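Novice:
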Amino acid sequence: MVEPTAREVTVPSGSLAVRTWSAAAPRWIALLAHGYGEHSGRYQWVAQQLVGAGAFVCAPDHVGHGNSPGERVLFSDADDVVADLDAVRREISAEHPGLPVVLIGHSLGGMLATRYAQLHQDELAAVVLSAPVLGTWHALDLLEAEEIPETPIDPATLSRDPQVGRDYADDPLVWHGAFKRTTLAAIDECLTRINEGVTLRVPALWIHGEDDELVPEADTRTGIDRIRGYSFHEHIYPGGRHELFNETNKAEVMGDVLTFVGRELNT
314 MVEPTAREVT VPSGSLAVRT WSAAAPRWIA LLAHGYGEHS GRYQWVAQQL
364 VGAGAFVCAP DHVGHGNSPG ERVLFSDADD VVADLDAVRR EISAEHPGLP
414 VVLIGHSLGG MLATRYAQLH QDELAAVVLS APVLGTWHAL DLLEAEEIPE
464 TPIDPATLSR DPQVGRDYAD DPLVWHGAFK RTTLAAIDEC LTRINEGVTL
514 RVPALWIHGE DDELVPEADT RTGIDRIRGY SFHEHIYPGG RHELFNETNK
564 AEVMGDVLTF VGRELNT
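Numbering (our numbering), first residue to last: 314 to 580.
(1) Identify the residues that DSSP records as bridge partners of Thr496: which are they?
(2) Going by beta-carbon coordinates alone, are Leu504 and Leu456 separated by less than 8 Å?
(3) How close, in whole Å, do the beta carbons of Leu527 and Thr572 come, if the pair is a contact with beta carbons under 8 Å?
(4) Considering only C-alpha positions, which residue in the set Asn562, Ser353 and Val566 is nearest to Leu518?
(5) Starting from the C-beta of Val401, find all residues in its chain whose C-beta is less than 8 Å away, skip the five residues before and the five after it, and write them out in chain order.
(6) Residues bridged to Val415 by DSSP?
(7) Should His451 go down as buried or exposed, given a rule of 16 or more other Cβ atoms within 10 Å for buried?
(8) Give the single residue among Gly510, Asp392 and Gly367 whose Cα lies nearest to the Cα of Leu421.
(9) If distances are taken between C-alpha atoms only, which option among Ala336, Ala360, Asn508 and Ala338 comes closest to Ala346?
(10) Go through its chain and collect everything with a Cβ distance to Gly367's Cβ below 7 Å, but skip five positions before and after it.
(11) Under a three-way DSSP split, which group does Gly358 fall into?
(12) Using the rule of at least 16 other Cβ atoms within 10 Å of the residue's Cβ for burial, across every protein chain shown, is Val511 buried or exposed?
(13) I believe Arg428 touches Arg554 by the beta-carbon criterion, under 8 Å. Please report the beta-carbon distance rounded to the nearest angstrom.
(14) How about the segment 412-419 and the segment 429-439: do they share at least three Cβ pairs that are nearer than 8 Å?
(15) Should Ser544 be labelled buried (16 or more other beta-carbon atoms within 10 Å of its own) or exposed?
(16) Quick check on DSSP: helix, strand or coil for Ile466?
(17) With a threshold of 7 Å on Cβ separation, who are the neighbours of Leu531 within its own chain once the five nearest residues in sequence on each side are excluded?
(18) How is the alpha helix (DSSP H) around Ser406 delimited, first residue to last?
(19) On the DSSP bridge list, what partners appear for Cys371?
(20) Below 7 Å CB to CB, which residues in the same chain sit around Arg320 once its five sequence neighbours on both sides are set aside?
(21) Take Gly575 as the anchor and find which of Leu453, Gly365, Gly350 and Thr318 has the nearest alpha-carbon.
(22) Is the segment 533-540 touching the segment 460-479 in the sense that three or more CB pairs, one from each, lie closer than 8 Å?
(23) Just mark Arg385 as buried or exposed, buried being the case when its beta carbon has 16 or more other beta carbons within 10 Å.
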């Protein structure tokens with residue numbers, strides 16, 4: 314197993330806890346943006362596959378997530394989280410000059426990756442969006458409630474592999490409480506900015522599970538149709554739930570991702 318290296322990176326919000334994994338002689342950089350309430354430590358298997366394909370993998374914990382400081386799952390402007398992500402990218406790219414960067418974002422991280430690609434297209438060689446929150450998201454209906462109810466994520470919706478749900482429920486670094494109104498409002502505003510923003514020039518791959526109940530494919534597609542660029546590819550997996558990188562067919566999913574990356578990087 315390829316063990317991660319822990320480090321701190323100074324970013325506009327203060328500092329972030331970052332995990333990195335590296336191939337012996339990396340040929341490209343994979344920058345991972347995790348989803349809401351989780352953390353980069355849940356991407357060990359993903360990182361190992363990327364390292365096996367020649368990547369230097371860098372995965373920060375977003376502000377208020379995992380080992381990073383800040384009130385849990387709280388941010389008031391998603392563009393600030395994107396700015397943190399760019400600061401991490403700049404530091405890693407300076408340490409590995411000349412290596413192309415592929416941004417891989419899952420769920421809320423897919424939203425952040427999309428916004429990042431809109432703002433920093435020239436810094437990326439490609440972007441991979443895994444079950445991204447785009448277009449519309451039913452969780453935002455909570456903004457209409459006077460009081461945000463306790464609505465923890467049902468671990469059974471993550472994967473057809475029940476062990477994934479058990480591990481998620483037992484993970485002390487995962488947030489299991491209610492949504493924060495400020496964060497939901499920031500997500501809502503970010504989706505509006507994405508919908509009104511530029512289409513993607515950078516090559517992009519969208520992957521989504523057909524049976525994703527947390528971020529339904531049909532809702533995401535309304536946003537995808539707004540930002541779809543000249544080189545846009547998609548894979549919708551029958552029976553797949555929300556966390557495709559933790560699904561029972563995760564090897565197939567990762568194979569599709571690495572085929573896309575290899576084609577775009579000519580590796």
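Think of the CB as a built atom: it goes at the ideal place given N, C-alpha and C, for glycine as much as any other residue. Because the structure is a prediction, the values reported are computed rather than measured.
Specialist: Reading it off the structure:
(1) DSSP lists no bridge partner for Thr496.
(2) No, these two residues do not count as a Cβ contact at 8 Å.
(3) Going by Cβ atoms, the distance from Leu527 to Thr572 rounds to 26 Å, so no, they are not a contact pair.
(4) For the residues Asn562, Ser353 and Val566, the minimum Cα distance to Leu518 belongs to Val566.
(5) The beta carbon of Val401 sits closer than 8 Å to those of Val322, Val324, Leu329, Val331, Leu344, Cys371 and Pro373, all from its chain and outside the five residues before and after it, given in chain order.
(6) In DSSP, Val415 forms a bridge with Ala343 and Ala439.
(7) Exposed.
(8) Out of Gly510, Asp392 and Gly367, Asp392 has the C-alpha closest to the C-alpha of Leu421.
(9) For Ala346, the closest alpha carbon among the candidates Ala336, Ala360, Asn508 and Ala338 is that of Ala360.
(10) For Gly367, where only same-chain residues beyond five positions count, the Cβ hits under 7 Å are Ala336, Pro339, Arg340, Trp341 and Thr580.
(11) Checking the sequence, you will find Trp at residue 358 rather than Gly. Residue state, collapsed to three classes: helix.
(12) Exposure of Val511 is indicated by the presence of fewer than 16 other C-beta atoms within 10 angstroms of its C-beta.
(13) Actually they are not in contact, since the Cβ atoms of Arg428 and Arg554 sit about 25 Å apart, beyond 8 Å.
(14) Judged by Cβ distances under 8 Å, the segment 412-419 makes contact with the segment 429-439, as three or more pairs qualify.
(15) Flag for Ser544 reads exposed.
(16) Note: Ile466 maps to coil in three-state DSSP.
(17) The residue asked about is misnamed: residue 531 is Ala in this sequence, not Leu. Answer for Ala531: no residue qualifies.
(18) Where Ser406 is concerned, the enclosing alpha helix (DSSP H) stretches over Ala391 to Glu408.
(19) Looking at the DSSP assignment, Cys371 forms a beta bridge with Thr333 and Leu344.
(20) Excluding positions up to five away in sequence, the list reads Val331 and Thr333.
(21) Nearest of Leu453, Gly365, Gly350 and Thr318 to Gly575, Cα basis: Gly365.
(22) Fewer than three beta-carbon pairs drawn from the segment 460-479 and the segment 533-540 are found closer than 8 Å, and the two stretches are therefore not classed as touching.
(23) By the 10 Å Cβ count, Arg385 comes out exposed.
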